[in-house]
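A short worksheet on the structure shown next.
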Amino acid sequence: DDVELLPTADAPTTAFPVEGNKGHIQIVKFDEDRHVYPVEERFVLGEGKNDLVTGAEYDPGFGVVLRMTDYNGNPTLYRYDAFARMVKKVLPGDSLDRPTEAYSYRSGDSHRNLIYDYDDTGHLMTGSPQGASPPVANRVETHEREDVSDSLTYNTVDSIVYQSGHGQDLMKLEEDEVPGRWVVQDARLYNLRGSEWAMYQPYYRRDSKFHLAGEGGLRSDDGAVSETDRKENNLDATGRPIEIVNPSEVFDGTRTSGIVQNLPFETWYYDEEDTNPNSPNSNTPGVELTDGLDRLIEVREMTRLNDDGSPSGTMNTWSTRYDYDLMNNMVSSRDSQGNVRWSRFDGMGRLLFCNDPDRGTLTLVYNDASQVIEQTDAKGQTIRYTHDGLNRVVTEDYLDEGEPSSFKYAYDPNLPLSETNRPDVLTIHDELSPPFDQLFAPHGV
234 DDVELLPTAD APTTAFPVEG NKGHIQIVKF DEDRHVYPVE ERFVLGEGKN DLVTGAEYDP
294 GFGVVLRMTD YNGNPTLYRY DAFARMVKKV LPGDSLDRPT EAYSYRSGDS HRNLIYDYDD
354 TGHLMTGSPQ GASPPVANRV ETHEREDVSD SLTYNTVDSI VYQSGHGQDL MKLEEDEVPG
414 RWVVQDARLY NLRGSEWAMY QPYYRRDSKF HLAGEGGLRS DDGAVSETDR KENNLDATGR
474 PIEIVNPSEV FDGTRTSGIV QNLPFETWYY DEEDTNPNSP NSNTPGVELT DGLDRLIEVR
534 EMTRLNDDGS PSGTMNTWST RYDYDLMNNM VSSRDSQGNV RWSRFDGMGR LLFCNDPDRG
594 TLTLVYNDAS QVIEQTDAKG QTIRYTHDGL NRVVTEDYLD EGEPSSFKYA YDPNLPLSET
654 NRPDVLTIHD ELSPPFDQLF APHGV
């Protein structure tokens with residue numbers, strides 16, 4: 234697409250489609266003071282249709298969005314504290330004193346075991362940090378409005394995310410339906426490189442305090458959470474997985490694992506059946522081969538089955554191979570049974586033709602905007618498409634007027650819609666509605 238950069242003083246604020254304009258125009262207007270922040274984005278549809286316009290207002294100091302207006306004129310408000318952290322989000326129908334979402338922040342000093350609680354302006358609530366029992370972590374608390382009450386004590390759904398000093402998510406707690414009980418999700422452990430090493434299955438806690446992953450957790454049967462309730466990822470020195478240990482399927486049961494062997498241009502995958510010596514599928518790994526451009530060129534499936542699916546007393550290898558053109562498009566694949574799927578692309582990487590052993594052939598035709606305007610399948614059935622100025626499909630016309638099952642609709646996109654000129658499928662976009670406050674009373678009542 235062509236992009237024209239205009240000086241701010243000369244930049245148009247309204248698009249005026251000319252006769253015959255097909256759209257495909259996007260106009261971005263920036264703020265007048267710094268020419269940095271996009272304050273209006275306009276999509277020109279053309280053909281006499283209304284433009285789609287969205288706008289934004291920014292805090293000049295932090296550069297964060299204070300107000301966002303959608304295509305129907307509905308505003309969403311955002312408020313931040315002194316550290317530019319979002320403290321309120323107000324969707325259409327709510328208000329700043331009853332926000333849709335509210336956030337509070339607590340920073341933790343794990344070396345000195347101190348916590349810093351901030352109000353929604355970014356000031357310390359107590360004027361100074363407070364001591365806390367270890368362990369200590371950063372906390373972000375979210376309160377999502379769940380009713381339309383006008384009371385300032387409206388109900389909320391509360392959740393807490395604990396993070397490390399490196400910004401790693403340590404765990405998320407969500408309030409349970411049982412009062413005083415919390416559900417702990419995504420409780421993680423990290424290795425010394427900062428990579429995720431283990432993640433626990435969800436469990437219960439009787440308080441929302443930070444804790445080491447799994448510590449003091451309760452399962453659904455009120456039993457204590459153990460190491461068998463977590464998934465472990467063992468990595469090599471380059472961060473590649475070499476072993477994955479799964480949580481047990483039953484409480485305190487046997488755990489299964491998979492192994493990955495990384496070789497130059499070759500990776501061997503041993504799943505849970507492969508590592509089980511008592512399984513009939515033991516030691517039947519899958520192998521992936523890549524070329525120097527890291528493209529997948531072959532997949533080998535090792536199995537004790539014959540080609541017809543019957544058991545075999547010997548190990549067989551089923552291979553699927555892939556070929557690419559100079560543009561890195563996959564142009565053919567051949568499976569272990571000799572079935573070949575091949576494709577052809579143009580210079581822009583667009584699929585022009587595909588011959589699939591199951592579906593047959595598929596031929597595609599594009600316009601200058603890279604939109605599919607015609608496709609023909611293996612039975613010779615053709616579908617034609619038209620698009621609007623935002624590249625969205627508007628009409629589909631099946632060229633099946635001679636078929637007994639046809640509705641016998643004929644469509645010429647150069648003529649207006651009518652009872653005699655109509656497509657098989659018509660899609661209508663962007664019927665703009667009035668702003669939210671004109672549709673409903675305040676607070677969604």
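Each number in the numbering used here corresponds to the 1-based position in the sequence shown with 233 added.
Here a beta-carbon is modelled for each residue, glycine too, at the ideal position from N, C-alpha and C.
inquiry  = With H, G and I counted as helix, E and B as strand and the rest as coil, what does DSSP make of E460?
reply    = helix
query = What beta strand (DSSP E) runs, 3 residues minimum, are completely inside the stretch 523-607?
reply = 529-538, 544-557, 563-567, 573-578, 584-589 and 593-599
query = Alpha carbon to alpha carbon, how far is I661 from V272?
reply = 28 Å
request  = Name the two residues that bound the continuous beta strand (DSSP E) containing H376.
outcome  = Run containing H376: N371 to R378, per the beta strand (DSSP E) assignment.
query = Out of N561, L595 and D314, which has the shortest C-alpha to C-alpha gap to D207?
reply = Limits of the chain in this structure are 234 at one end and 678 at the other, which puts residue 207 out of reach.
request  = Starting from the Cα of T287, find the closest Cα among E280, G296 and R300 and give me that residue.
outcome  = R300
ask   = Could you check where the beta strand (DSSP E) with K405 kicks off and where it finishes?
value = D402 to E408
message = Once DSSP output is grouped into helix, strand and coil, what is the label at L451?
response = strand
task = Kindly identify the DSSP beta-bridge partner or partners of I348.
result = G341 and Q363
key: Per DSSP, cross-strand counterpart(s) of Q494   = DSSP output for Q494 lists W501 as bridge partner(s).
query = Whose C-alpha, out of Q608, S397, Y631 and S603, is nearest the C-alpha of D621?
reply = S603
key: Whole-angstrom distance between D645 and S651, CA atom to CA atom   = Across the structure, S651 and D645 are spaced so that their CA atoms are roughly 10 Å apart.
task = Return the bridge partner residues of L310 from the DSSP annotation.
result = R300 and V323
key: Own chain residues within Cβ distance below 6 Å of Q363, not counting five before or after   = I348
Candidates R275, E482 and R372, of which the one nearest S337 by Cα = Out of R275, E482 and R372, R372 has the C-alpha closest to the C-alpha of S337.
ask   = Looking at the unbroken beta strand (DSSP E) that takes in S651, where does it start and where does it end?
value = No beta strand (DSSP E) contains S651, which DSSP labels as neither H nor E.
query = Considering M358, what are the terminal residues of the beta strand (DSSP E) in which it resides?
reply = Where M358 is concerned, there is no enclosing beta strand (DSSP E), given that its DSSP letter is neither H nor E.
query = Between N388 and R414, what straight-line distance do the alpha-carbon atoms span, to the nearest angstrom?
reply = C-alpha of N388 to C-alpha of R414: approximately 17 Å in a straight line.
ask   = Cα-Cα, which of K641, N624 and L623 is closest to Y631?
value = K641
query = When the Cα atoms are used, what is the spatial distance from H257 to V598?
reply = 19 Å
message = Under 8 Å: do the stretch 437-450 and the stretch 406-422 share three or more Cβ pairs, one atom per stretch?
response = yes
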